[in-house]
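Participant:
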Ligand code: BGC
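In UniProt numbering, the protein residues as written are 1 to 755.
#1: Within a Cβ cutoff of 8 Å, which residues of the same chain sit near residue 28, ignoring the five residues on either side of it in sequence?
#2: Can you determine whether any heavy atom of the ligand COA sits closer than 7 Å to the C-beta of residue 281, and answer yes or no?
#3: On a Cα-Cα basis, can you pick out the residue from 119, 78 and 188 that is closest to residue 176?
#4: Thinking C-beta only, is residue 642 closer than 8 Å to residue 631?
#5: Leaving aside the five residues before and after residue 347 along the sequence, list all residues of the same chain whose C-beta is less than 6 Å from its C-beta, in chain order.
#6: To the nearest whole angstrom, what separates the beta carbons of residue 130 and residue 200, a pair I think is in contact under 8 Å?
#7: Where do the ends of the alpha helix (DSSP H) carrying residue 459 lie?
#8: Helix, strand or coil: how does DSSP classify residue 435 here?
#9: According to DSSP, is residue 19 helix, strand or coil?
#10: Since residue 792 is in the alpha helix (DSSP H), which residue starts that stretch and which ends it?
#11: Within this structure, are the beta carbons of residue 370 and residue 564 separated by less than 8 Å?
#12: Within a Cβ cutoff of 6 Å, which residues of the same chain sit near residue 633, ignoring the five residues on either side of it in sequence?
#13: Distance, Cα to Cα, residue 438 vs residue 660?
#14: Quick test of your reading: residue 49 and residue 317, contact by CB under 8 Å. State the CB separation rounded to the nearest angstrom.
#15: Tell me, to the nearest whole angstrom, how far the beta carbon of residue 466 is from that of residue 505; I am working on the premise that it is less than 8 Å.
#16: For residue 100, verify whether its CB is less than 7 Å away from any heavy atom of the ligand BGC.
#17: Whose C-beta lies closer than 6 Å to the C-beta of residue 419 among residues of the same chain, with five residues either side of it excluded?
#18: What three-state label does DSSP hand residue 705 in the structure shown?
#19: Three or more beta-carbon pairs under 8 Å between the stretch 682-691 and the stretch 659-673, yes or no?
#20: Who are the near neighbours of residue 75 in its chain, counting only those whose CB is closer than 8 Å to its CB and skipping five residues on each side?
#21: Under 7 Å from any heavy atom of the ligand BGC, does the C-beta of residue 498 make it?
#22: List the residues that DSSP assigns as beta-bridge partners of residue 212.
#23: Beta carbon of residue 198: closer than 7 Å to some heavy atom of the ligand BGC?
#24: Any heavy atom of the ligand BGC closer than 7 Å to the Cβ of residue 267?
#25: Which term fits residue 109, buried or exposed, when burial requires 16 or more other beta carbons within 10 angstroms of its beta carbon?
#26: Please state if the CB of residue 148 and the CB of residue 88 are separated by a distance shorter than 8 Å.
#27: For residue 605, is the classification buried or exposed, using 16 other Cβ atoms within 10 angstroms of its Cβ as the cut-off for buried?
#28: Is residue 192 helix, strand or coil when you go by DSSP?
#29: For residue 583, does the three-state DSSP call read helix, strand or coil?
#30: Would you tell me roughly how many angstroms separate the C-alpha atoms of residue 415 and residue 540, rounded to the nearest one?
#31: Would DSSP call residue 639 helix, strand or coil?
#32: Tell me the rounded alpha-carbon separation between residue 128 and residue 61.
#33: May I ask you to check if the CB of residue 524 is nearer than 7 Å to at least one heavy atom of the ligand BGC?
#34: Measure the Cβ-Cβ separation of residue 383 and residue 393 and say whether it is below 8 Å.
#35: Would you please state the rounded distance, in angstroms, between the beta carbons of residue 547 and residue 223? I believe it to be under 8 Å.
#36: Any beta-carbon of chain E closer than 8 Å to the one on residue 596?
Right, dumping it as structure tokens:
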């Protein structure tokens, strides 16, 4: 016991146990101050473990199949979803159903809210919004009866063609980790366990179950593990999901360095390490490495007839029971696995208040929040004046427009979303029904489009203009119509899904995405741009896209996968009823060959992180490659100016950077003021790293003093000799600006002592 509030250890222990079974409560002599919630949860869990049979313990540490795939046999009251672990009623332990929930709850036949994808959330750079995002999803999970949400992807965009980029939060560890932690806190505030995933270095889908990510220790610690470190320490998730891939030769879910040395011992993680679905490959090595829960597992592992059994396996049912009996898994380790599960259920509030199924989701509240996220996460990438005009093309002024042509991207019916476990089903069916899902394919095939048509929302903004729609299949017809219109708005889409990487960042055509694309999107945009007076491109995508036509269009609005209110949000942004304030959480390169890994090999199972620390913008900076749009970039309909930088350190080495941001334009707007640090020369560090930011809302003319405090830890490098963080003495540069490559950024140097 960490603390003893009772009189005497023997009584204390007996009472802590007994309190749970209500035998000790009313003896005044034994009353003690309440333990802090963590200690109380630990004590209560330990008391329960002490009462459990081995069979009951085993039941707690594996799933019983995957209801959503119809894999397994479940009691009548089990929910659909990703997993189901039965409860133990004699001890008051509730059943736990989990559901995927990257950007909303992924269960069929429920009227859930599809929020903009996590990559969009990251583009808001707003931890308060991330907290609300986690909260909103958790409210819906609980309303449907789920105690656990498998959202929270924090893998970094080391390989931006990764088919799951939309589920993650960009390329920077501090941005991704901070947003993840805020999301987790929001989710768990609603008595729902948050899972963060996929731990670790699971940065592409190609060969994801067999590939070996080969990463040196310093790169590990300063890139993706730092995102997890922040996410775990600041968010305290109940669950961390280990990934499919190997790390340096050992499967992530049986990797003692990842699971025990770093996560549990160094970071002090007290929750459950849960395997990705089918990522367990052994019993004893996995358990001893630190895996606490196998998913999806099997209720009956003698029934091996399903092909899914071959894929998922079952290692924590009878095999674990046998290992415990044989002593190859010590009972104390099994107890620890169960303890972690139970203390999580207690700590988050599920033990005393388990969710009940069958509630009704407040759709109006969900839609209002989805709209807000979409408005705050869109990134205005380009906004130029057409030839001969004074004014930038955006925002559109309805009063000056008599004709608008809307082209492509199924903008007449809806907006795009991502696929796989990070998908969120469409309410009232798919807006695009022409695609035929190929039979027997787990991943890939037909995209989901939400019934939120940009065309209708644009028409409503400009009731006096004639608004026509061309589906993009006939580029000439669209271009000719654009030539006659006051403005052409071309929608371009890039579908991605778990299980498949993108062949290129080029906008897909009918070869790259045969199911969802019927024409060459780049050729369409080029044709329209060649003839239109004004042309704006709206992107719906999860990963960066290449823009060979960029010089010939006037405006580009990045809306990501904008969720169930996407059509409305896009129209609000185009017409200036919302002012774009998102900033890129990921660099956009000019061409695929500018990426650190020029191609994703289909056959080489060794994924070598040979670029080392140079992930994302660090790569472009160090290699002096100009990106198409840099990390942190995003325009507004107003202008912000930065002035008057200063930096100072306190006795603990925390640095405070102060400066002023002024809204010099005529509109209210929000700015993400970013602070980067250039570490002392000679450390082998990239030119700069993000160390802090603040999102500000400013009225026209308003000047706001900004103060960003950077914990000393954000300036540390990983010392491979001592296997520890180190703060190096020397001269640091602190850079405050509107992006990672702001030509007008302010810099202040500061000499810091080493620690
Ligand atoms: C994915 C996880 C997901 C799980 C359950 C796996 O294929 O990698 O992210 O949570 O399935 O659906």
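Ideal placement from N, C-alpha and C gives every residue a C-beta, glycine not left out.
Facilitator: Quick look at the numbers:
#1: Only weak support is given to the placement of residue 28: the predicted model assigns it a pLDDT of 46, under 50, and the question is left unresolved by the model.
#2: The ligand COA is not among the ligands present in this structure, which contains only the ligand BGC.
#3: Shortest Cα-Cα distance from residue 176 to any of 119, 78 and 188 involves 119.
#4: Contact: no.
#5: So the list reads 41, once near-sequence residues are dropped.
#6: Rounded to the nearest angstrom, the Cβ distance from residue 130 to residue 200 is 21 Å, too far for a contact under 8 Å.
#7: 454-461 is the span of the alpha helix (DSSP H), which, as asked, contains residue 459.
#8: Here residue 435 sits in coil by DSSP.
#9: The pLDDT assigned to residue 19 is 37, lower than 50, so where the model puts this residue is not dependable, and the model offers no usable value.
#10: Examination of residue 792 is not possible in this model, given that the chain is present from 1 through 755 alone.
#11: In this structure, the beta-carbon distance from residue 370 to residue 564 falls below 8 Å.
#12: Closer than 6 Å at Cβ, skipping near neighbours: 584 and 739.
#13: About 56 Å.
#14: Actually they do not touch by this definition, with Cβ atoms about 19 Å apart.
#15: At roughly 35 Å, the Cβ-Cβ gap does not stay under 8 Å, so residue 466 and residue 505 are not in contact.
#16: Distances between the C-beta of residue 100 and the heavy atoms of the ligand BGC include at least one below 7 Å.
#17: Taken in chain order, the residues that qualify are 497.
#18: The answer is strand: DSSP assigns residue 705 an E or B state.
#19: No contact exists between the stretch 682-691 and the stretch 659-673.
#20: Only residues of its own chain outside the window of five on either side were considered, and among them 86 have a CB closer than 8 Å to the CB of residue 75, listed in chain order.
#21: Checking every heavy atom of the ligand BGC against the Cβ of residue 498, one is found closer than 7 Å.
#22: According to DSSP, which records beta bridges pairwise, residue 212 is partnered with 246 and 606.
#23: Residue 198 Cβ: within cutoff of the ligand BGC.
#24: Outside the cutoff, so no.
#25: Classification for residue 109: exposed.
#26: Contact flag unset, no.
#27: Burial is judged here by how many other beta carbons sit within 10 angstroms of a residue's own beta carbon; residue 605 has fewer than 16 and is exposed.
#28: If DSSP states are grouped into helix, strand and coil, residue 192 belongs with coil.
#29: It is coil, neither helix nor strand.
#30: Answer to the nearest angstrom: the Cα atoms are 7 Å apart.
#31: In the three-state DSSP reduction, residue 639 falls in the coil class, being neither helix nor strand.
#32: Residue 128 and residue 61: Cα-Cα distance of roughly 34 Å.
#33: Not one heavy atom of the ligand BGC is found less than 7 Å from the C-beta of residue 524.
#34: Taking 8 Å as the Cβ cut-off, residue 383 and residue 393 qualify as a contacting pair.
#35: 27 Å between Cβ atoms; not a contact.
#36: As a matter of chain content, chain E is missing from the structure shown, which is built from one protein chain.
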